[in-house]
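Residue numbers for the sequence shown follow UniProt numbering, so the first one is 1 and each next one is one higher.
We put the beta carbon where it would ideally sit given N, CA and C, even for glycine.
What you are looking at is a predicted structure, and each value in this text was computed from that prediction instead of being measured.
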Amino acid sequence: MIGRYLLRKFFYSQAVMLGIVVVVFFLFNVLPVDPARMTQGQRGDVQSLQAVRKEFGLDKPLHIQFAYYINDLSPVGIHLKTDRERYKFVPLVSVSATKTIALKWPYLRRSYQTSKDVVSLLLEVVPNTLVLATTAMVFAIVIGIFLGVLSALYKETWVDRLALAFSTLGISAPSFFAGIIIAWIFGFVLSNYTGLNMSGSLYGYDPFKGEVINWKNLILPMVTLGLRPLAIIVQLTRNAMLDVLSQDYIRTAKAKGLSRGAIIYRHALKNALNPVVTAIANWFASLMAGSFFVEYIFGYNGLGKTTVHALEMSDFPVVMGAILFIAFIFVMINILVDIVYVWIDPRVKLQ
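As structure tokens, then:
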């Protein structure tokens with residue numbers, strides 16, 4: 001059952017990714033921007049510009065460029081045997097004296113600005129963004145579920161009203177606006193008391209210690225990024241808990257004399273987690289994308305800051321690679337959520 005489901009989801013995900021590749025490629029290749037001019041500057045001569053266009057395949061018709069791009073992204077493609085070092089492929093079948101069908105990891109091309117592999121550039125910054133997104137999600141889950149359960153248990157009291165007011169404020173504040181306010185208050189006005197900075201990356205360099213981890217630079221971006229999912233989780237947990245606590249089996253558990261803690265955490269909370277799991281999964285993938293402006297505001301060196309900088313420089317391979325990476329995360333998380341549903345609620349069947 002699970003194997004058949006995963007196989008079907010694999011083909012669905014491939015179709016979704018292909019659609020995203022088509023949109024991303026044509027979106028960034030029909031823009032009136034000349035990447036060769038961006039790399040060479042306004043003083044670049046004709047020969048230099050033509051050499052850059054030829055190097056990156058920009059001198060070919062758009063449909064030919066697209067075919068080459070699909071071939072680069074596909075795990076099975078046709079490549080020149082002399083390009084084995086670039087693509088790091090495993091030859092499967094020779095189709096001519098110079099070409100072979102090969103197995104490889106998707107190749108995201110090279111940066112226009114640095115000529116480095118896009119995969120290498122992304123691998124340098126993706127761990128920082130994963131740390132930021134994961135800590136923001138953990139912060140949102142722990143505080144959100146706690147406040148949601150508390151709000152449901154003390155319905156229509158000041159605790160409930162305060163939790164709802166906080167969640168409403170969190171939903172209403174866009175991340176870029178909340179980031180500016182949080183950075184100004186805690187990183188500037190109250191910096192002498194908080195010890196936090198308005199900007200800074202997770203990793204820094206100390207002349208005596210070498211590379212060091214600055215955990216305090218993670219706090220403000222983490223809170224900013226986790227604020228909206230926290231607010232959503234509070235409301236979802238509250239509503240789900242209120243619905244579950246009114247069910248007959250909860251009244252039966254009370255009649256049997258089970259303690260309040262056992263009823264809440266062993267019976268009510270687990271059955272109330274389904275909508276929360278959906279929110280957590282969707283928001284985790286969204287946090288990867290939502291980190292773009294938060295990282296830029298706080299000067300946090302991650303996927304978002306790198307992508308925004310690449311967009312400013314019209315370094316489209318980096319931008320396209322980042323978008324495809326985020327899309328892949330979305331697809332994989334959606335599959336994982338369906339499997340987690342079955343673990344949480346055995347009544348749910350994979351179809």
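Enclosing alpha helix (DSSP H) for residue i [first to last residue]
i	result
Pro127	Val118 to Leu153
Pro221	Lys216 to Leu245
Asn100	At residue 100 the sequence reads Thr, which differs from the Asn that was named. Premise fails: Thr100 lies in the beta strand (DSSP E), Lys99 to Leu103, not in any alpha helix (DSSP H).
Asp160	Trp158 to Ser172
Ile180	Ser175 to Trp184
Val46	Val46 to Glu55
Lys311	In the sequence as displayed, the identity of residue 311 is Leu instead of Lys. Note, Leu311: alpha helix (DSSP H), Leu303 to Glu312.
Tyr193	Ser191 to Thr194
Where residue i sits in the DSSP three-state scheme
i	result
Gly77	strand
Leu287	helix
Val33	coil
Pro91	strand
Tyr5	helix
Tyr203	strand
Sub-8 Å separation of residue i and residue j beta-carbons
i	j	result
Met288	Ile339	no
Pro229	Tyr300	no
Val126	Leu225	no
Ser111	Val318	yes
Ile182	Val223	yes
Ile78	Lys60	no
Thr307	Ala322	yes
Thr237	Val276	yes
Ala163	Leu150	yes
Leu227	Ala178	yes
Val33	Ser314	yes
Ile20	Leu258	no
Thr129	Leu218	no
Phe316	Phe28	yes
residue 353	Leu196	The requested residue 353 is not part of the displayed model; the chain covers only 1 to 351.
Val331	Met17	yes
Reference residue i, options the options, closest by Cα
i	options	result
Gly290	Ala279, Tyr300, Gly304 and Glu124	Gly304
Ala152	Gly57, Tyr296 and Leu242	Leu242
Ile280	Asn239, Thr307, Ile263 and Val337	Val337
Ala102	Ser74, Tyr296 and Thr129	Ser74
Leu92	Asp83, Arg86, Ser111 and Lys104	Lys104
Leu269	Glu295, Ile233, Val294 and Phe298	Ile233
Phe284	Leu7, Gly19, Asn239 and Phe139	Phe139
Met320	Ile64, Val212, Ile70 and Arg8	Ile70
Phe166	Ala231, Val118 and Thr114	Ala231
Gln113	Thr194, His309 and Tyr107	His309
Gly200	Asp315, Gly187 and Thr194	Gly187
Phe26	Tyr87, Gln50, Phe66 and Ile213	Phe66
Tyr68	Val46, Gln47 and Leu108	Leu108
Ile145	Leu31, Ala173, Asn274 and Arg84	Asn274
Segment limits, beta strand (DSSP E) that includes residue i
i	result
Leu108	First-last for Leu108: undefined, no H or E at that position.
Heavy atom of the ligand FAD within 7 Å of residue i beta-carbon
i	result
Leu122	Judged by which ligands are present, the structure shown has none, so any question about the ligand FAD falls away.
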